[in-house]
Amino acid sequence: MQTVVEQQIVTEPDEVKLRIFDKAFELFLRYGFAKTRMEEIARTLRISRKTLYKYFANKHDLLMELMTHKHLRIHGKIEKIHADPDKSIKEKLQAMQECLSGEIPQGMNEFLRDIRNQVPDLWKIFAEQKEKNINRTMRKMIETGIKNGDIRPDVNPDIVLLIHAASTEAMFDPGFLAHTPYTIRDLVRELDNIIFYGIVKREN
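The C-terminal residue of the sequence shown carries number 207 in the working numbering, and the numbering is unbroken.
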């Protein structure tokens, strides 16, 4: 069941709105959510404040739609990877990893820390979206892998997803992000490597 915002994004694509998303995200990454003003977004886009407020009532609404749009785009790509009959489970996992890594730009650590601190209500919504969509696709892929013999039959999908969700949550902790020398892209890649391939060297 999609939220009203998700339905609007899916059914009402708009070139101006997409331009606003791109520029707002760029400014949020550069200056932080709290320090970026709606007036600055409008000025950088060379549109009037009236036009910007026609699309978004405030910065909070802009961020909500921006992040939902990005989430749905990533989810769509992952669903497409999962549905590809020509890819093995290993190829699908690698493609998913590359997809997620490609969507994480420089400065994402600071941005996520900023969002979690400044707008915890939206952070909760984003976490729920991930749980509902991306985790659901991962579950289907794991279950298909078990059925096809590509994943060990004794693997419990519930536990795999629980570990993955808990590890992701820990990585996005503001205190951790503030001190880790690694980017979110590096952390996500290594987490998936450990969960899906382990750390013990195995014979081919």
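In this text, a Cβ means the ideal position worked out from N, Cα and C, and glycines have one as well. Keep in mind it's a predicted model, so treat the numbers as computed, not measured.
In summary, Thr54 is exposed, with fewer than 16 beta-carbon neighbours lying within 10 Å of its beta-carbon over all protein chains present.
Here Gln132 carries a helix assignment [DSSP, helix/strand/coil].
Just so you know, the alpha carbons of Leu180 and His85 end up roughly 30 Å apart. Minimum Cα-Cα distance from Ile107 among the listed residues Leu65, Ala168, Arg192 corresponds to Arg192.
If you draw a 10 Å sphere on the C-beta of Val203, you find fewer than 16 other C-beta atoms in it, and that means exposed. Boundaries cannot be given for Pro184, as no alpha helix (DSSP H) includes it and DSSP labels it neither H nor E.
Counting the other Cβ atoms within 10 Å of the Cβ of His182 gives fewer than 16, which makes it exposed.
Annotation: the stretch 132 to 165 contains the following complete segments of the alpha helix (DSSP H) (minimum length 4 residues), in chain order: 137 to 151. At the C-beta level, Phe36 and Leu66 come within 8 Å of one another. Judged by their CB atoms, Thr71 and Gln109 are not nearer to each other than the 8 Å cut-off.
Contact check between the stretch 90 to 98 and the stretch 137 to 155: three or more CB pairs, one atom from each, fall below 8 Å, which counts as touching.
Exposure of Leu21 is indicated by the presence of fewer than 16 other C-beta atoms within 10 angstroms of its C-beta. Exposed is the label assigned to Val19, since fewer than 16 other Cβ atoms lie within 10 Å of its Cβ.
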